[in-house]
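Trainee:
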C-alpha cells in the first residue's frame with residue numbers, strides 16, 4: 003500500500019470542506035471573504051493547543067466541532083451570524099491520517115449544521131513529538147453598527163446568564179476519574195456537555211437593542227463577567243445560588259458540594275452573560291423561552307468596581323483564581 | 003519591583019497597536035473588519051513556529067515584521083492592498099517581557115509603513131519549554147472580481163519573477179557559519195534579506211489585467227511555480243541561468259557554485275512569480291522599472307505538465323526536493 007503524500011492528504015481531506023476549492027479558495031495565497039451589503043463583517047479567532055485546551059484522547063471529530071463552536075460562540079456574543087472560516091493546523095509528522103480524517107468529519111458535520119464554509123487555511127508541522135494545535139478565524143455578519151459589545155453595562159442593570167453553568171467542568175472531572183457515584187446517564191450527559199456545546203447564536207442576534215453588554219462564558223463566569231465590568235467601568239454582585247444548574251449538574255453537587263463554587267470559575271460553558279435594563283425582564287423571559295435557551299437573572303451591575311459573588315448568607319465567596327488563565 | 007500581571011502585559015503591549023482598543027476591538031469577543039464598497043475583502047493566514055520557521059535567536063522585532071510581510075506578500079500575490087490583521091500568539095511562561103516588547107515594536111514599525119492596524123487576537127500559553135508560535139490573519143482589499151489567481155496560466159505565456167532569488171537562503175546559511183569568505187558588507191546585505199523582505203504589494207496591484215497567474219515565492223521558486231502549473235493545468239520550462247541574482251548573491255555563487263541550483267528550492271524570497279501573454283513584454287518592463295522591483299523573464303508555460311528547470315546545456319536539473327515542505 004502506498005502511503006499518500008502529505009500534501010495530497012491535506013488537500014484530499016480539507017479540500018471538500020471548501021465550497022469552491024479549485025476556484026478562489028484553498029488553491030490561492032488568500033481567500034475572498036463573503037461580505038454583505040448593509041452588514042458589518044465580524045471576525046473572531048480562537049486557538050486550541052493539545053495538552054493545554056484539550057487532552058490527547060479528546061475525540062478528533064468532537065474537537066473539530068468544539069473549535070468551530072467556540073468561535074461561533076464568540077460571534078454569538080457579538081450578535082453576529084457565522085458564515086465562513088479559515089483553519090490553521092499544526093500536526094506532528096508522520097501525519098496521523100485517521101485522526102485527521104475524523105477531525106475533518108467533525109468540521110463537515112458542523113459546517114452543515116451552522117451553514118459554514120471553509121475558505122482558506124495554512125498547515126504547518128508541529129515541533130513537539132505529539133503536539134497538535136489549531137487556530138480558527140471565523141467570519142460572521144451583523145447589521146451595520148449593531149454589533150453587541152462588552153462596554154455598555156450600567157449600574158442597576160440586571161445580569162443574566164443563558165442555559166446552565168458547570169456541566170463542562172463536571173464532565174471534565176468525570177474524565178479524570180471523579181464523581182463515580184453519578185447515575186450512568188447523568189455521567190454521559192455531563193461528558194457530552196464538555197465535548198459539545200450549543201453556541202447561542204440565535205440568542206445573540208435577538209439581544210440587539212435589549213442587551214447593554216454581552217460576553218460568552220469561555221474562561222469562567224466570574225472572569226468573563228469581570229471583562230464586562232472592566233470594559234464598562236462598573237462592578238457586579240452575583241448570587242451564587244441563583245446561577246442555573248442542569249439536572250445532572252444538580253445531582254453531582256448533591257454528591258460533591260464543592261462543585262457549586264468551583265463551576266463559577268471553570269469555563270467552557272459557552273453560554274452568554276448579558277446585562278439589560280430592569281424594564282426588559284418580561285421580554286427576556288419571553289424571548290429565551292421561545293428560543294429554548296432559558297436565561298436566569300443572577301445579579302445586578304453596581305457602581306463599585308469588581309465582581310462580588312455572594313453565598314446564601316450574604317458573605318462574599320473568595321476564589322483562588324477567577325477563571326481559566328491564558329498564562 | 004512588582005512583576006506586571008500577564009494579562010496586563012499583553013494588554014499594555016498589544017493594546018496601543020489597535021486604532022480603537024477600548025471600543026470595538028481587543029476588548030470584545032471579535033473584531034469588526036473594515037470593508038469597502040466595490041471592493042472584495044481578501045484574507046490570508048500564515049503561521050510561524052519557533053524552531054521550524056525561525057531560530058530561537060531571530061531578533062523579535064524583525065520576526066514581527068517578517069510575519070506581517072509574509073502575509074502582505076500573500077495579499078500582494080492576490081493583487082490586494084493590506085489593511086488590518088489579527089494576531090494569535092503562543093508564548094511560554096513566565097512571559098519573556100523584553101522579547102514581547104521588542105516584538106510589538108516591530109509590529110508597530112510595519113503598521114506605520116504599510117498602513118496596517120491590529121483589530122483582534124488571541125493569546126495562549128505554549129506547552130513546550132521554549133516554543134513560541136504566531137499566526138497572523140491579514141485582510142486586504144481588491145476591486146470586486148479583480149483578485150489575481152493562480153489558475154489562469156496558458157501554454158505560451160512568459161514566466162516572470164520580480165527582484166532576485168536566493169538571498170534569504172544565503173543569509174540563513176551565513177547564520178549557520180557558511181560563506182565566511184564573503185565581503186562583510188555582502189554578508190550583512192544577505193542576512194538582512196533573510197530578516198526583512200519587501201512584499202511586492204504595488205506590483206501585485208499593477209498586474210491586474212496583465213498577469214494570467216500570480217504566486218509569491220515563499221516555499222521555493224520551483225515549488226511555487228508548480229502550484230501555478232497544477233492550478234492552471236499546464237507545465238513550465240525555466241532556464242536556471244536566467245533566474246535573477248543580487249550582486250552579493252552573485253559573489254556568494256562565485257565562492258560556492260552549489261548555491262546556483264539550491265536557491266531555486268529554498269524559498270522566503272517573497273518575490274512574485276507571474277505569467278503574462280508574450281505581447282505584454284514591454285508593458286511589464288516599463289511597469290517594473292517604474293516600481294523599482296525589476297522583473298526577469300525566466301521561462302515559458304508549456305502544455306506538458308510539471309516544472310522543468312534547464313541548465314545552460316539544455317539538460318534538466320533534478321532537485322532532491324522541490325521546496326520547503328510543510329510536512
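Protein chains in written order, with the numbering used here: chain A, 3 to 329; chain B, 3 to 329. Just so it is clear, CB atoms sit at the ideal spot from N, CA and C, and this is done for glycine as well.
Classify residue 150 of chain B as buried or exposed, calling it buried when 16 or more other Cβ atoms lie within 10 Å of its own Cβ.
Mentor: Counting from one through the second chain, the residue named residue 150 of chain B turns up at place 148. The residue is buried, with at least 16 neighbouring Cβ atoms inside 10 Å.
Trainee: Where does residue 175 of chain A sit, in a helix, a strand or coil, going by DSSP?
Mentor: Here residue 175 of chain A is taken as the residue at index 173 of the first chain, counted from 1. Helix at residue 175 of chain A.
Trainee: With residue 83 of chain B and residue 203 of chain B assumed to form a contact (beta carbons below 8 Å), what rounded beta-carbon distance in angstroms separates them?
Mentor: Counting from 1 along the second chain, the entry for residue 83 of chain B is found at position 81. Counting from 1 along the second chain, the entry for residue 203 of chain B is found at position 201. Rounded, the Cβ-Cβ distance is 7 Å, consistent with contact.
Trainee: Excluding five sequence neighbours on each side, which residues of the same chain lie with their C-beta closer than 7 Å to the C-beta of residue 105 of chain B?
Mentor: Walking along the second chain from the start, residue 105 of chain B turns up at place 103. Counting only Cβ-Cβ distances below 7 Å, and skipping sequence neighbours, we find 62, 63, 65, 66.
Trainee: Among residues of its own chain, excluding the 5 on either side of residue 188 of chain A, which ones have a beta-carbon nearer than 6 Å to its beta-carbon?
Mentor: Residue mapping note: residue 188 of chain A aligns to position 186 of the first chain, counting from 1. For residue 188 of chain A, where only same-chain residues beyond five positions count, the Cβ hits under 6 Å are 250, 253.
Trainee: Counting pairs of beta carbons, one from the stretch 253–267 of chain A and one from the stretch 193–201 of chain A, are three or more of them closer than 8 Å?
Mentor: Flag = no, the stretch 253–267 of chain A and the stretch 193–201 of chain A do not touch.
Trainee: When you compare the CB of residue 221 of chain A with every CB in chain B, is at least one pair closer than 8 Å?
Mentor: Against the first chain, residue 221 of chain A aligns to sequence position 219. With 8 Å as the cut-off, residue 221 of chain A does not count as an interface residue toward chain B.
Trainee: Can you find a CB in chain A that lies within less than 8 Å of the CB of residue 77 of chain B?
Mentor: Within the second chain, numbered from 1, the residue matching residue 77 of chain B stands at position 75. Chain A, which has a Cβ nearer than 8 Å to the Cβ of residue 77 of chain B, makes this yes.
Trainee: Mind checking residue 68 of chain A: buried by the 16 CB within 10 Å criterion, or exposed?
Mentor: For this step, residue 68 of chain A is matched to residue 66 along the first chain. Label assigned to residue 68 of chain A: buried.
Trainee: Mapping DSSP to helix, strand and coil, what is residue 290 of chain B?
Mentor: If you number the second chain from 1, residue 290 of chain B lands on position 288. Helix at residue 290 of chain B.
Trainee: Listed from N- to C-terminal order along the chain, which residues in the stretch 42–53 of chain A have their beta-carbon within a distance smaller than 9 Å of any beta-carbon of chain B?
Mentor: 42, 43, 44, 45, 46, 47, 48, 49, 50, 51, 52, 53
Trainee: Are three or more beta carbon pairs between the stretch 137–151 of chain A and the stretch 70–80 of chain A nearer than 8 Å?
Mentor: yes
Trainee: If we cut at 8 Å on Cβ distances, does residue 208 of chain A have a partner in chain B?
Mentor: In the first chain, the residue the question calls residue 208 of chain A occupies position 206. Cβ-Cβ to chain B under 8 Å: no for residue 208 of chain A.
Trainee: Give a yes or no on whether the minimum CB-CB distance between residue 137 of chain B and chain A is below 8 Å.
Mentor: As a position in the second chain, residue 137 of chain B is number 135, starting the count at 1. Judged by the 8 Å Cβ criterion, residue 137 of chain B is in contact with chain A.
Trainee: Would you mind reading off the limits of the beta strand (DSSP E) that contains residue 143 of chain A?
Mentor: On the first chain, position 141 is the one that residue 143 of chain A refers to. Residue 143 of chain A -> beta strand (DSSP E) spans 135–145.
Trainee: Looking only at its chain, what residues have a beta carbon closer than 6 Å to the beta carbon of residue 107 of chain A, apart from the 5 residues adjacent to it on each side?
Mentor: In the first chain, residue 107 of chain A corresponds to position 105, counting from 1. Hits under 6 Å: 63.
Trainee: Express the C-alpha separation of residue 210 of chain A and residue 48 of chain B in angstroms, rounding to a whole number.
Mentor: Walking along the second chain from the start, residue 48 of chain B turns up at place 46. Walking along the first chain from the start, residue 210 of chain A turns up at place 208. Cα to Cα, the separation comes out at about 34 Å.
Trainee: Report the option in A/314, A/197, A/162 whose CA atom is closest to the CA atom of residue 177 of chain A.
Mentor: Mapped onto the first chain, residue 177 of chain A falls at position 175. The shortest C-alpha separation from residue 177 of chain A is found at A/197.
Trainee: Going by beta-carbon coordinates alone, are residue 164 of chain B and residue 118 of chain B separated by less than 8 Å?
Mentor: Locating residue 164 of chain B in the second chain gives position 162, where the first residue counts as 1. Locating residue 118 of chain B in the second chain gives position 116, where the first residue counts as 1. It is not a contact, given that the beta carbons lie outside the stated cut-off.
Trainee: I'd like to check one pair, residue 277 of chain A with residue 208 of chain A: are the Cβ atoms closer than 8 Å?
Mentor: For the purposes of this step, residue 208 of chain A is identified with residue 206 of the first chain, where counting begins at 1. For the purposes of this step, residue 277 of chain A is identified with residue 275 of the first chain, where counting begins at 1. Cβ distance not < 8 Å, so residue 208 of chain A and residue 277 of chain A don't count as in contact.
Trainee: Let me see if you follow: with CB-CB separation under 8 Å, is residue 35 of chain A close to chain B or not?
Mentor: Position 33 of the first chain, counted from the first residue, corresponds to residue 35 of chain A. Residue 35 of chain A counts as touching chain B.
Trainee: Could you list which residues in chain A have their beta carbon closer than 8 Å to that of residue 92 of chain B, in chain order?
Mentor: Counting from one through the second chain, the residue named residue 92 of chain B turns up at place 90. Residues of chain A passing the Cβ test: 49, 51, 135.
Trainee: Based on the DSSP output, what are the partners of residue 306 of chain B in its beta bridges?
Mentor: The residue labelled residue 306 of chain B in the question sits at position 304 within the second chain. The partner list for residue 306 of chain B (beta bridge, DSSP) is empty, contrary to what the question assumes.
Trainee: Check whether chain A comes within 8 Å of residue 21 of chain B, counting only Cβ atoms and requiring the distance to be less than that.
Mentor: As a position in the second chain, residue 21 of chain B is number 19, starting the count at 1. For residue 21 of chain B, the answer is no, since every Cβ of chain A falls outside 8 Å of its Cβ.
Trainee: Does the stretch 282–297 of chain A come within contact of the stretch 216–236 of chain A, defined as at least 3 CB pairs closer than 8 Å?
Mentor: no
Trainee: Give me the chain A residues within the contact set of residue 124 of chain B, using Cβ-Cβ distance strictly less than 9 Å, ordered along the chain.
Mentor: For the purposes of this step, residue 124 of chain B is identified with residue 122 of the second chain, where counting begins at 1. Those are 46, 47, 48, 49, 137, 328, listed as they occur along chain A.
Trainee: Comparing C-alpha positions only, which one of B/143, B/185, B/53, B/316 sits nearest to residue 240 of chain B?
Mentor: Working through the second chain from its first residue, we reach residue 240 of chain B at position 238. Ranking the options by Cα distance to residue 240 of chain B, first place goes to B/316.
Trainee: May I ask you to report which of helix, strand or coil DSSP gives residue 1 of chain B?
Mentor: Within the shown structure, residues of chain B are numbered from 3 to 329, placing residue 1 of chain B beyond reach of any answer.
Trainee: In chain order, what residues of the same chain lie with their CB nearer than 8 Å to the CB of residue 231 of chain A, ignoring the 5 residues before and after it?
Mentor: To locate residue 231 of chain A, count along the first chain from 1; it is residue 229. So the list reads 155, 237, 238, 303, 307, 308, 309, once near-sequence residues are dropped.
Trainee: Once the 5 residues before and after residue 101 of chain B are set aside, which same chain residues still bring their CB inside 7 Å of it?
Mentor: Position 99 of the second chain holds residue 101 of chain B. Here the set comprises 62.
Trainee: Can you check which of these residues, A/32, A/312, A/275, is closest to residue 162 of chain A by C-alpha distance?
Mentor: The residue given as residue 162 of chain A occupies position 160 in the first chain. Checked all of A/32, A/312, A/275; the closest Cα to residue 162 of chain A is A/275.
Trainee: Quick check on residue 35 of chain A: buried or exposed, where buried means 16 or more other Cβ atoms within 10 Å of its Cβ?
Mentor: Along the first chain, read from residue 1 onward, the residue named residue 35 of chain A stands at position 33. Answer is buried; the Cβ neighbour count reaches 16.
Trainee: Can you give the beta carbon distance from residue 280 of chain B to residue 160 of chain B, rounded, assuming they're within the 8 Å contact cut?
Mentor: For the purposes of this step, residue 280 of chain B is taken as residue 278 along the second chain, with counting starting at 1. For the purposes of this step, residue 160 of chain B is taken as residue 158 along the second chain, with counting starting at 1. Correct: roughly 5 Å between the Cβ atoms.
Trainee: Output, in chain order, the set of chain A residues within a Cβ distance shorter than 8 Å of residue 82 of chain B.
Mentor: For the purposes of this step, residue 82 of chain B is taken as the residue at position 80 of the second chain. Residues of chain A passing the Cβ test: 32.
Trainee: By alpha-carbon positions, which one of B/14, B/43, B/55 ends up nearest to residue 269 of chain B?
Mentor: In the second chain, the residue the question calls residue 269 of chain B occupies position 267. It is B/55.
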